[in-house]
Each structure stands twice: as C-alpha cells, then as structure tokens.
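See structure below.
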Amino acid sequence: TRRNNTLLAFSQADDLNRDLCELNDRGNILYLKGWIILDQAALLSEVNGVLFAPEDFKQHCNLANATGIVPVSKLAQKFPQHNLDMLVQFLSHLEFCLEIHDRQVLQLLCPGENLP
20 TRRNNTLLAF SQADDLNRDL CELNDRGNIL YLKGWIILDQ AALLSEVNGV
70 LFAPEDFKQH CNLANATGIV PVSKLAQKFP QHNLDMLVQF LSHLEFCLEI
120 HDRQVLQLLC PGENLP
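Residue numbers (this note's numbering): 20 to 135.
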C-alpha cells in the first residue's frame, strides 16, 4: 500500500487495522473484512429502503420468495452498482439477513424452486 508516495511497512499496516477497528468501535465508520463504509446512513437508506419498502411505495421491489429468501443473484441484479460481497457483509452485519450456504436447508425452505 502506498501512502504519500512511501510504502507502508507491515507494522504500519497493523496500526492501520487497529485504527480502523477503533473508528468502527466509535461508530465513525463501518469496517467489514476489508471494506470501509464511510456513510452507513446513505447505504442503509439506498439498500434497505428498497429491500424493505412497503408495497405501496414506489421504491418497493419484490426480491424475496414466500418464505422471505432472497437469492444473492437477485441482489446483484437490483444493486449492480455495489460490490456483492460488501453488500452481503453489510446486510449480515446489521442482522438484516442471514447467509444460507447449505443446499439441503435451502431446499427445505424453498421447495419446488429452481435453486442455483
């Protein structure tokens, strides 16, 4: 990593990580596994405002199936301007979603659906 045209030494990277964690703990930023989110409110409004908008709002979109499962592919289609990994981490961190990787669990929750 370059900083003011100088390379950061490994110990400085540790300091940077510590500082980012401290800013996260204070609520100044949201630091998620390599992602730094400076304006949580804007991302929260943009993403969650669309995902959880009531049906009578123009922002409403129906991404979930009857059980509330939203395939990651639909998130990618709806929010192409955002990195998908960051988006899933953000929603998971705020406990708006839970990732399900087990195909058997998905088949139980979504019977009859064509799962990726």
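Positions of the beta carbon are idealized from the N, C-alpha and C atoms, including for glycine.
A quick note: this is a predicted structure, and the numbers were derived from the prediction, not measured.
- Query: Which first and last residues belong to the beta strand (DSSP E) in which L49 is found?
  - Reply: Position 30 of the sequence shown, counted from the start, is the residue given in the question as residue 49. Looking at the DSSP string, the run of the beta strand (DSSP E) that includes L49 is 49–51.
- Message: Could you give the first and the last residue of the continuous beta strand (DSSP E) run that contains I55?
- Response: Within the sequence shown, the letter at position 36 stands for residue 55. Here the beta strand (DSSP E) through I55 covers 54–56.
- Query: Should the stretch 59–76 be called in touch with the stretch 104–113, which here means at least 3 C-beta pairs below 8 Å?
  - Reply: By the Cβ test, the stretch 59–76 is in contact with the stretch 104–113, since at least three Cβ pairs between them sit closer than 8 Å.
- Within this structure, are the beta carbons of L49 and F98 separated by less than 9 Å? Here residue 49 is taken as the residue at index 30 of the sequence shown, counted from 1. Here residue 98 is taken as the residue at index 79 of the sequence shown, counted from 1. Contact check for L49 against F98 fails: the beta carbons are separated by 9 Å or more.
- What did DSSP end up calling A72 once you bin it into helix, strand or coil? Along the sequence shown, read from residue 1 onward, the residue named residue 72 stands at position 53. The answer is coil: DSSP assigns A72 none of H, G, I, E or B.
- Residue burial classification, L57 (beta-carbon count within 10 angstroms, cutoff 16): Taking the first residue of the sequence shown as position 1, residue 57 is located at position 38. By the 10 Å Cβ count, L57 comes out exposed.
- Item | Pick from G87, T86, V107 that is closest to L94, judged by C-alpha positions | As a position in the sequence shown, residue 94 is number 75, starting the count at 1. Comparing Cα-Cα distances from L94 to each of G87, T86, V107, the minimum goes to V107.
- Message: Please state the DSSP three-state secondary structure of E114.
- Response: Taking the sequence shown and counting its residues from 1, the one referred to as residue 114 is at position 95. Coil.
- Query: If we ignore side chains and look at the alpha-carbon of each, how far apart do L35 and E41 end up?
  - Reply: Position 16 of the sequence shown, counted from the start, is the residue given in the question as residue 35. Position 22 of the sequence shown, counted from the start, is the residue given in the question as residue 41. The alpha-carbon atoms of L35 and E41 are separated by roughly 10 Å.
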